[in-house]
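Structure first, commentary second.
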Amino acid sequence: MACTSWRPTGLTPQATAWYFLRVSGAALVLLALGHLLVTHYLAAPSRTDSQFVAGRWANVLWLAFDWLLLTLALSHGLTGLQGVLKDYVLAPPARLLIPTAAAAVGLGFFTIGSATLLTADPAALRAGVGPLSGQHWIGELLSGLLFLVATGTYLGLAALAVWAVRAARGGRPLGRWRFAGQWAWALHRLTGVGIVGFLLVHILDVLLLPLAPDVYDHTVAAYAHPYLLPLEVALVGAVLYHALNGLRLIAIDLFERRAVADQRRLFYAVLGLTVALLLPSVIVLLRAGH
Amino acid sequence: MTRAAAPGETVELRVRRFDPTTDRRPYWARYEVAVRPKMSVLDALFAVLEQQDGTLGFRYSCRAAMCGSCAMVIDGREALACATRLARLGRRITVEPLRQLPIVKDLVTDLEPFWAKWAVVTPYFVGGRYREPAVIPPESGRREIIDAQLDCITCAACYSACPIVASNPRYLGPAALNRAYNLIADERDTAAAQRLAAVCGEDGAFSCRNAFNCVEVCPQGIDPQRSILRLRQRALVGA
Chain H
547 MACTSWRPTG
557 LTPQATAWYF
567 LRVSGAALVL
577 LALGHLLVTH
587 YLAAPSRTDS
597 QFVAGRWANV
607 LWLAFDWLLL
617 TLALSHGLTG
627 LQGVLKDYVL
637 APPARLLIPT
647 AAAAVGLGFF
657 TIGSATLLTA
667 DPAALRAGVG
677 PLSGQHWIGE
687 LLSGLLFLVA
697 TGTYLGLAAL
707 AVWAVRAARG
717 GRPLGRWRFA
727 GQWAWALHRL
737 TGVGIVGFLL
747 VHILDVLLLP
757 LAPDVYDHTV
767 AAYAHPYLLP
777 LEVALVGAVL
787 YHALNGLRLI
797 AIDLFERRAV
807 ADQRRLFYAV
817 LGLTVALLLP
827 SVIVLLRAGH
Chain Z
194 MTRAAAPGET
204 VELRVRRFDP
214 TTDRRPYWAR
224 YEVAVRPKMS
234 VLDALFAVLE
244 QQDGTLGFRY
254 SCRAAMCGSC
264 AMVIDGREAL
274 ACATRLARLG
284 RRITVEPLRQ
294 LPIVKDLVTD
304 LEPFWAKWAV
314 VTPYFVGGRY
324 REPAVIPPES
334 GRREIIDAQL
344 DCITCAACYS
354 ACPIVASNPR
364 YLGPAALNRA
374 YNLIADERDT
384 AAAQRLAAVC
394 GEDGAFSCRN
404 AFNCVEVCPQ
414 GIDPQRSILR
424 LRQRALVGA
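As given, the protein sequences belong to chains H and Z, one line each in that order.
FYI, in this note's numbering the residues of the first sequence are 547 to 836.
FYI, in this note's numbering the residues of the second sequence are 194 to 432.
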């Protein structure tokens, strides 16, 4: 008896998005963690000023690395964000607009990021001058936004903690939150959305490098403020968790026979590795005077 | 969790009640129930119904964990009331209706959305290729891929526990996708191509995010997650 009635559906839009997330995600584990190594482990973020970037961008291989990271991170992030939005935005007109909006945002930020990288002039960066030099209000604005984001994040985390304590004291059952897979899913989603938000802001702040290196330096120096330390730690933790849990998801897809048996253990391993890899970054941040 | 109540002692049953015809919002009702040996949550609900409050609504049928009618959320986790013994729970037990489904009354939910998804996957065998009866011998290795997943009792526990169904009511959900995979993997079936196309589009197998809640709560020990993983493989490469 031969099995002939089914055929692969091939790359439907949903299958393409799913497949692309896996392939780009695997590549991003190397690229994003490599970027993190340079900017959060070998150096503190507050030291990655225009001189630091000029040194890197003098090497065409670093330029290619950053461009590849920009391309894959943006496309992976916006593809993932589309999936997230489609889980919540159900009304037909808005839902149908999601891919178009994602493509427009992606194209816009890809153009900005690519222009920044392709027109990079290390000599001009070293000289510290650009067409918008001296416009420190831009730096103040960006720093203010960063403080606002930090405050929002801290308030959100505090609200979450209050909710958890009230739920526990009220004897309310944990429900789905008793399952490791639920946490793995929620954290992957939360960190993914957070990283996409940061990525878009990051592409804009890097645009300051050719336009006003002195303003960029002023903004980067603001990262050293102690109030922003938890936000920096959260960002590194988010990238580490998202990358490691992404590998867990790929492993689940590849080894589905063992998926159920191992997914919980893999999640705990992801959490442990995230914390272990986060610690050296915290030490680097603290040593840099954060 | 506190120590389970022994026979002769009492438990506090906190039931989430709601009658859409009279109540503005759901509320918690508390009942003290005397524990009997081997008492199940369904037995406790009957004790409330018969001795304390004849208006309490809940659904049941076989009382032997075979029909799936009494699926509800017990202490925050989807389970069959008839198969959940009080001895496994604490002294304060919460009972709620299944999530993601409209409430008919108290613990009785309207399964219509669940069945609507079920219908999308053409949930019945479509034969015609082989002279009946077309048999895959039980000892054949070709049965292994579907045998473990066949025992779904359509209780909707997985549907209730799924975080994607919770946010996206269009998502087909674990039970329907598991059913689709069983039929697609059955080499005698002739409707697999259109079934695969139906479940691999928008809000189908590729919308699952691998939370594994469906596996955690299935009272039959089925692994719908694995069926979904295999559906994706089939859709992409026909593995």
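We treat Cβ as the ideally placed atom computed from N, Cα and C, and that holds for glycine.
Assumed close pair H/Ser-592, H/Tyr-700 - CB separation to whole angstroms, cut-off 8 Å
Start at 1 with the first residue of the first sequence, and residue 592 of chain H comes out as number 46. Start at 1 with the first residue of the first sequence, and residue 700 of chain H comes out as number 154. About 20 Å separates the two Cβ atoms, so there is no contact after all.
Who pairs with Z/Lys-298 in a beta bridge, going by DSSP?
Position 105 of the second sequence, counted from the start, is the residue given in the question as residue 298 of chain Z. Beta-bridge pairing links Z/Lys-298 to Z/Val-301.
Anything in chain Z within Cβ reach of H/Leu-636, meaning under 8 Å, just list it in chain order.
Numbered from its first residue, the first sequence carries residue 636 of chain H at position 90. Near H/Leu-636 (Cβ distances below 8 Å), the residues of chain Z are Asn-361, Pro-362, Arg-363.
Three-state class that DSSP yields for Z/Tyr-220 in the structure shown
What you label residue 220 of chain Z is simply residue 27 of the second sequence in a count that begins at 1. Note: Z/Tyr-220 maps to strand in three-state DSSP.
Within 10 Å of its beta-carbon, does Z/Pro-417 have 16 or more other beta-carbons around it, so buried, or fewer, so exposed?
Against the second sequence, residue 417 of chain Z aligns to sequence position 224. Flag for Z/Pro-417 reads buried.
Relative to chain Z, which residues along the stretch 807 to 818 of chain H have a C-beta separation below 7 Å, given in chain order?
Gln-809
Could you name the residues of the stretch 713 to 727 of chain H whose beta carbon sits closer than 7 Å to any beta carbon of chain Z, in the order they occur along the chain?
Gly-717, Pro-719, Leu-720, Gly-721, Arg-722, Arg-724, Phe-725, Gly-727
On the criterion of 16 or more Cβ atoms from any shown chain inside 10 Å, does H/Arg-722 qualify as buried, or is it exposed?
By 1-based counting over the first sequence, the position of residue 722 of chain H is 176. So H/Arg-722 ends up on the buried side.
Straight-line gap, Z/Trp-308 to Z/Arg-292 (C-alpha atoms, nearest Å):
Counted from its first residue, the second sequence places residue 308 of chain Z at position 115. Counted from its first residue, the second sequence places residue 292 of chain Z at position 99. If I take the Cα positions, the gap works out to 15 Å.
Among Z/Arg-278, Z/Glu-305, Z/Ile-296, nearest to Z/Ala-258 - alpha-carbon criterion
Position 65 of the second sequence, counted from the start, is the residue given in the question as residue 258 of chain Z. Per the Cα distances, Z/Arg-278.
Mind pulling the chain A residues with CB within less than 9 Å of H/Leu-795?
This model lacks chain A altogether; the protein chains it does include are H and Z.
Sufficient close CB pairs (3 or more, under 8 Å) joining the stretch 360 to 367 of chain Z to the stretch 628 to 642 of chain H
Three or more beta-carbon pairs separated by less than 8 Å link the stretch 360 to 367 of chain Z to the stretch 628 to 642 of chain H, which places the two stretches in contact.
For the ligand NAD, any of its heavy atoms closer than 7 Å to the Cβ of H/Leu-688?
As for the ligand NAD, it is missing from this structure, which has no ligand bound.
Verify whether the separation of the beta carbon atoms of Z/Cys-255 and Z/Leu-235 is less than 8 Å.
The residue given as residue 255 of chain Z occupies position 62 in the second sequence. The residue given as residue 235 of chain Z occupies position 42 in the second sequence. Taking 8 Å as the Cβ cut-off, Z/Cys-255 and Z/Leu-235 do not qualify as a contacting pair.
Do we get a CB-CB distance below 8 Å when we pair Z/Gln-418 with the residues of chain H?
Stepping through the second sequence from its first residue, residue 418 of chain Z is reached at position 225. It does; some Cβ of chain H falls within 8 Å.
Endpoints, the alpha helix (DSSP H) within which H/Leu-733 is located
Here the question's residue 733 of chain H lines up with position 187 in the first sequence. Its alpha helix (DSSP H) spans residues 726 to 757.
Ordered along the chain, which non-local residues of its own chain (more than five positions away) have a Cβ less than 6 Å from that of Z/Leu-206?
If you number the second sequence from 1, residue 206 of chain Z lands on position 13. Around Z/Leu-206: Tyr-224, Val-226, Ala-237, Ile-286.
Quick one: is H/Thr-558 near chain Z, going by C-beta distance under 8 Å?
Start at 1 with the first residue of the first sequence, and residue 558 of chain H comes out as number 12. H/Thr-558 counts as touching chain Z.
Touch test, the stretch 788 to 800 of chain H against the stretch 688 to 707 of chain H, Cβ-Cβ under 8 Å, three pairs minimum:
no
Candidates Z/Tyr-364, Z/Val-241, Z/Ala-312: closest to Z/Arg-402 by CA position
Residue 402 of chain Z sits at position 209 when you count from the first residue of the second sequence. Of the candidates Z/Tyr-364, Z/Val-241, Z/Ala-312, the one whose C-alpha sits nearest the C-alpha of Z/Arg-402 is Z/Tyr-364.
Report the three-state DSSP secondary structure of H/Glu-686 (helix, strand or coil).
Stepping through the first sequence from its first residue, residue 686 of chain H is reached at position 140. Three-state DSSP puts H/Glu-686 in a helix.
7 Å Cβ cut-off: residues of chain Z touching H/Tyr-787:
Walking along the first sequence from the start, residue 787 of chain H turns up at place 241. The premise fails here: H/Tyr-787 is roughly 15 Å from chain Z at the closest Cβ pair, so nothing lies under 7 Å.
Under a CB-based cut-off of 8 Å, is Z/Val-318 close to chain H?
In the second sequence, the residue the question calls residue 318 of chain Z occupies position 125. A small correction: the amino acid at residue 318 of chain Z is Phe; Val does not occupy that position in the sequence shown. Not closer than 8 Å to any Cβ of chain H, the Cβ of Z/Phe-318 fails to qualify, so no.
So that I know if they touch, is there some Cβ in chain Z lying closer than 8 Å to that of H/Cys-549?
Residue 549 of chain H sits at position 3 when you count from the first residue of the first sequence. Confidence in H/Cys-549 is poor, its pLDDT being 43 and thus under 50, which makes the residue's placement unreliable; the coordinate value appears in the next sentence. Closer than 8 Å: yes.
Apply the 10 Å Cβ neighbour rule to Z/Lys-231 and answer buried if 16 or more other Cβ atoms are within range, or exposed otherwise.
Stepping through the second sequence from its first residue, residue 231 of chain Z is reached at position 38. That one is exposed.
Using a C-beta cutoff of 8 Å, does Z/Pro-356 count as contacting chain H?
Here residue 356 of chain Z refers to the residue found at position 163 when the second sequence is read from its first residue. It does: the Cβ of Z/Pro-356 has a partner Cβ on chain H nearer than 8 Å.
Taking contact to mean at least 3 C-beta pairs separated by less than 8 Å, is the stretch 746 to 762 of chain H in contact with the stretch 709 to 722 of chain H?
no
Three CB pairs or more closer than 8 Å across the stretch 555 to 567 of chain H and the stretch 619 to 627 of chain H:
Touching, yes.
Are Z/Arg-489 and H/Glu-802 close, meaning C-beta to C-beta below 8 Å?
Given that chain Z is displayed from residue 194 to residue 432, the structure contains no residue 489 of chain Z and the question cannot be resolved.
Closest Cβ-Cβ distance between Z/Glu-409 and chain H: below 8 Å?
Here residue 409 of chain Z corresponds to residue number 216 of the second sequence, with the count starting at 1. With its beta carbon less than 8 Å from one in chain H, Z/Glu-409 belongs to the interface.
Looking only at DSSP bridge pairs, what is Z/Ala-272 linked to?
What you label residue 272 of chain Z is simply residue 79 of the second sequence in a count that begins at 1. Bridge partners of Z/Ala-272: Z/Met-265.
Do Z/Ala-369 and Z/Val-314 come within 8 Å of each other at the CB atom, strictly closer than that value?
For this step, residue 314 of chain Z is matched to residue 121 along the second sequence. For this step, residue 369 of chain Z is matched to residue 176 along the second sequence. Yes, the pair counts as a contact, with Cβ atoms nearer than the cut-off.
Say whether chain H places a C-beta atom closer than 8 Å to the C-beta of Z/Thr-287.
Here the question's residue 287 of chain Z lines up with position 94 in the second sequence. Interface residue, yes.
Kindly indicate which residue of Z/Val-241, Z/Tyr-323, Z/Val-328 has the alpha-carbon position closest to the one of Z/Val-186.
Any property of residue 186 of chain Z remains undetermined from this structure, which presents chain Z solely from 194 to 432.
Does the pairing of the stretch 576 to 592 of chain H with the stretch 603 to 623 of chain H give three or more beta-carbon distances under 8 Å?
yes
Need the endpoints of the beta strand (DSSP E) that H/Arg-785 sits in, please.
Start at 1 with the first residue of the first sequence, and residue 785 of chain H comes out as number 239. Note that residue 785 of chain H is Val in the sequence shown here, rather than Arg. Where H/Val-785 is concerned, there is no enclosing beta strand (DSSP E), although the alpha helix (DSSP H) it sits in stretches over 775 to 800.
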